[in-house]
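One structure below.
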Amino acid sequence: MRWISFIIVLFFLPSFNGFSQDERIIDSIEKILPSSKGNLRVDLLNQLAWELKYIDPRRTFSLAEEAFQLAEKSDYNLGIALSFRNKAGVRIVEGDFTAAEPYAKQALLFIEKTDNFYQKGKILNLLAIISREKMSFKQALSYQNQALAIFRNLKDTAEIAGNLNNLGLIYDKLRNKEEALKLYLEVFDVEQKRGNLTGVARTSNNIGTLYEDIGMYEKAIELFQLGIEVSGSINNKQFEAANYHSLGNVYLKSNQPEKAITAYNKAASINKEQGFADFLANNYFQIAATNERLGRFSVSLEFYRKAAAIFDSLSGRRDYISAINGISVQERKLGNYREALKIALKALALSDSINDFEIRGNVYQNLYRIYAETGNPALALKYLEKSNETSDSLQLTNNIRLLKEIETRYEVEKMESDNQKLLEESNLKSSIIRFQRQITIALVVIFVIILVTAILLLRSRRKLSKVNFMLNEINKEIELKAIELTQANATKDRLFSIIAHDIRNPFSALLNFSELLEEEIETADKETLKFYSENIHLAAVNTFNLLDNLLYWSKSQRGAIEINKEPVDLSLLIKEVFKTAQAGATEKSVTFESKVLPDTSVVVDKTLTRIIIGNLVGNAVKFNNTGGSVVVDSSVLDNRIEISVTDTGPGIDPSLINSIFDKEESMPHGSTGKKNGTGLGLVLCRDFVRKMGGNISVESKKGEGSVFKFWLPASEGFHPEP
């Protein structure tokens with residue numbers, strides 16, 4: 080269910096001081112508006128529209144249109160810009176960011192024709208919010224930084240704090256929680272020092288939401304309660320209600336539904352009293368959903384009806400469909416199948432008008448339940464199939480979104496790195512320019528001195544030769560940096576290729592086992608459920624290990640990996656690796672055997688060694704024969720540790736042995752000659768073994784399996800025997 084974040088809704092926050100003040104402003108404008116004319120009337124219409132955007136969005140849009148019509152007749156660019164800004168604001172309040180974007184872009188187009196930098200910054204901030212909510216994070220960062228630069232130039236501390244807060248929201252969306260928390264805490268400190276309680280209430284909600292996302296529920300509750308207390312002290316009812324709703328959400332997540340209902344009811348009471356219809360509808364929806372979770376279907380039905388009535392009046396199609404589908408579900412659970420079916424079919428018809436897989440899937444699932452429970456298996460099967468198809472489409476959309484998020488996060492990090500390099504290059508070029516100016520002055524002086532003495536001319540020529548040598552050296556350094564940048568781009572392209580290819584396999588395992596779990600959740604016994612959950616967990620671990628490999632490979636390309644040696648129990652490390660690889664081994668009936676003696680201690684970098692052995696064991700399982708085995712052994716030879724991984728697979732073609740650790744392309748493993756992966760695992764093994772001062776090799780015969788061996792220098796403290 081969509082809860083419009085009060086940080087998004089109150090995007091004009093620095094100038095917002097509470098509802099009572101808004102009410103006085105609205106009354107003042109209403110009194111003088113009828114007698115106003117010309118551009119003054121345009122300004123008043125735009126100001127009134129802005130103040131009403133939460134209270135009466137429909138009237139806001141009407142007032143903005145009237146302002147536009149008047150401003151267009153007199154070519155009043157500021158009035159036109161603000162009318163488009165107000166229309167964008169209404170769509171943001173309604174949660175329709177796609178519809179808001181063209182209005183905001185038109186606002187920027189017309190504000191550029193004026194010298195009003197303050198409003199330009201506000202409009203850029205709107206565009207940043209829109210881009211952020213549409214997952215266009217790179218564009219959002221661009222808009223937000225432009226807005227921030229304007230307000231820094233204007234020395235507007237209130238707007239600077241607000242824009243830093245929104246920058247934190249972007250990093251939060253990118254799941255860079257560390258950077259987001261850093262920005263939120265900075266804003267929180269600034270707002271406290273300024274004595275801006277409105278900003279304190281806003282930022283405490285942001286920090287609380289971040290703590291909620293990472294599962295630190297007690298800290299989140301503490302921050303939301305602070306937001307409630309501060310909002311109450313300044314009589315800011317909208318903030319107070321928003322914090323109560325957020326408190327309800329975290330109580331619900333921490334399995335305290337009764338407390339959640341209490342918090343939602345407090346938020347609803349405030350929103351009802353203040354006339355915040357959209358917020359009130361969301362309160363009702365959450366109260367209904369929580370009571371449904373507690374099995375109070377009659378109470379849930381009542382609140383779904385209340386929410387649906389408000390959403391219908393606000394023309395919020397998505398929310399309205401969710402609410403009426405909720406009504407249908409409660410009618411079904413209460414045994415009123417005829418009414419449930421009638422309402423569900425209405426929800427189905429309305430869902431065709433929106434492109435939302437989640438909503439449509441919920442409606443299909445409800446129809447499946449209705450027909451199944453009323454003894455109509457044909458229609459039940461029809462809607463079950465539609466529900467599964469929609470679920471697949473939703474999963475695909477989410478996967479694409481995840482890939483886009485990973486790509487964007489990488490691009491943002493790359494962009495920040497490139498900006499730092501450009502700054503360094505700019506400083507270097509500035510130094511060169513300053514130096515060249517000094518040389519020019521020196522040459523002028525030398526020219527004058529030439530007229531006096533030939534000796535000084537000789538000295539000046541020597542100096543000029545030295546300068547030219549320095550410039551040549553600098554040019555060479557710039558060329559080297561250009562080559563490094565080209566290599567970095569190639570690394571990025573390879574990383575994206577790896578993600579697109581390899582991330583599908585573990586996600587397929589997750590999807591398959593979770594689908595089986597969903598289908599059999601009602602009928603399966605405890606052992607079957609345990610089997611599915613264990614395999615889902617193992618698939619998730621494999622996915623995490625893949626991402627871990629990608630991270631370490633990326634770090635290795637940048638030379639960012641440091642070797643941290645420590646005593647490690649090799650036998651326990653191998654057991655951990657076997658446990659991680661067990662899902663694939665079970666599927667192919669492959670057995671594991673460790674010949675490493677218990678309590679065998681080695682002094683190595685634990686993380687890199689685990690990655691090396693994990694990749695070799697994973698490959699040994701992946702390319703093994705069904706019913707085969709994988710054996711891990713260790714020994715000490717000539718003051719070095721040697722670890723081997725042996726499989727009983729089909730072996731490797733001799734022509735491929737010399738290129739199997741080649742990082743340019745993935746290598747086939749076995750007799751088929753097909754490429755089974757990116758080859759990243761073996762590249763990592765080779766690179767990490769070399770980083771620790773060792774080497775890696777492979778021995779294989781077709782039809783007889785393969786043996787991968789790597790050795791490391793035996794550090795002080797190595798004990799091969801227990």
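For the sequence shown, my numbering begins at 80 and goes up steadily by one.
Where is the CB? At the ideal position from N, CA and C, for every residue including glycine.
Keep in mind it's a predicted model, so treat the numbers as computed, not measured.
* **Through-space distance from leucine 652 to phenylalanine 702, alpha-carbon basis** => 22 Å
* **Rounded straight-line distance, which links the Cα of asparagine 334 to that of glutamate 308** => 24 Å
* **Cβ contact (3+ pairs, closer than 8 Å) linking the segment 702–717 and the segment 775–782** => no
* Asked: Exposed or buried, which one is valine 523 when buried takes at least 16 other CB atoms within 10 Å?
  -> exposed
* Going by the CB atoms, is the gap between leucine 161 and glutamine 198 shorter than 8 Å? -> yes
* To do: Determine which residues share a DSSP beta bridge with serine 779 and list them.
  => Ser785
* State whether the segment 439–453 contacts the segment 391–411, with contact taken as three or more CB pairs (one from each stretch) at a distance under 8 Å. => yes
* **C-alpha distance - serine 785 paired with isoleucine 640, whole-angstrom precision** => 30 Å
* **Contact under 8 Å by Cβ, threonine 679 with aspartate 712** => no
* Taking Cβ to Cβ, would you say tyrosine 447 is nearer than 8 Å to serine 432? -> no
* Pick from Glu721, Ile720, Gly707 and Asn737: whose alpha carbon is nearest that of proline 729? -> Gly707
* Asked: Does the Cβ-Cβ distance between lysine 385 and tyrosine 399 come in under 8 Å?
  -> no
* To do: Decide if leucine 203 is buried, meaning its Cβ has at least 16 other Cβ atoms within 10 Å, or exposed.
  => buried
* Asked: Do the CB positions of glycine 306 and glycine 287 come within less than 8 Å of each other?
  -> yes
* Asked: Which whole runs of the alpha helix (DSSP H) in the segment 672–704 are 4 residues long or more, in chain order?
  -> 685–701
* To do: Examine the Cβ distances between the segment 605–618 and the segment 655–666 and report whether three or more of them are shorter than 8 Å.
  => yes
* Identity of the residues DSSP links to arginine 538 by a beta bridge -> The partner list for arginine 538 (beta bridge, DSSP) is empty, contrary to what the question assumes.
* **Contact set for leucine 326: own chain, Cβ-Cβ below 6 Å, skip 5 residues either direction** => Phe303 and Ala342
* Which of helix, strand or coil DSSP assigns to lysine 602 -> Reading off the sequence, residue 602 comes out as threonine, not lysine. Of the three classes helix, strand and coil, the one that applies to threonine 602 here is coil, per DSSP.
* To do: Please state whether DSSP places leucine 791 in a helix, a strand or coil.
  => strand
* The beta strand (DSSP E) spanning lysine 644 covers which residue range? -> 644–648
* First through last residue of the beta strand (DSSP E) which encompasses valine 329 -> Element bounds for valine 329: not the beta strand (DSSP E) but the alpha helix (DSSP H), 316–332.
* Thinking C-beta only, is alanine 419 closer than 8 Å to isoleucine 389? -> no
* Alpha carbon to alpha carbon, how far is alanine 533 from arginine 540? Give it in angstroms, no decimals. => 11 Å
* **Terminal residues of the beta strand (DSSP E) in which valine 669 lies** => No beta strand (DSSP E) holds valine 669; DSSP gives it neither H nor E.
* With distances taken from CA atoms, which of Asn404, Asp435, Asn415 and Glu437 is nearest alanine 426? -> Asn404
* Asked: Comparing alpha-carbon positions, which option in Lys674, Arg417, Ala347 and Asn314 lies nearest histidine 324?
  -> Ala347
* Less than 8 Å separating the beta-carbons of isoleucine 528 and leucine 535? -> yes
* Whole angstroms is fine: what's the gap from lysine 213's alpha carbon to phenylalanine 176's? => 7 Å
* Asked: When you compare only the Cα positions, how much space is there between lysine 609 and phenylalanine 586?
  -> 19 Å
* Classify leucine 119 as buried or exposed, calling it buried when 16 or more other Cβ atoms lie within 10 Å of its own Cβ. => exposed
* Bounding residues of the alpha helix (DSSP H) (the contiguous stretch that carries threonine 282) -> 276–292
* Boundaries of the beta strand (DSSP E) in which glutamate 721 is found, first to last residue -> 719–726
* Reduced DSSP secondary structure (H/G/I, E/B, other) of asparagine 195 -> coil
* Asked: Is the CB-CB distance between lysine 644 and threonine 705 below 8 Å?
  -> no
* Asked: For aspartate 135, which of helix, strand or coil comes out of DSSP?
  -> coil
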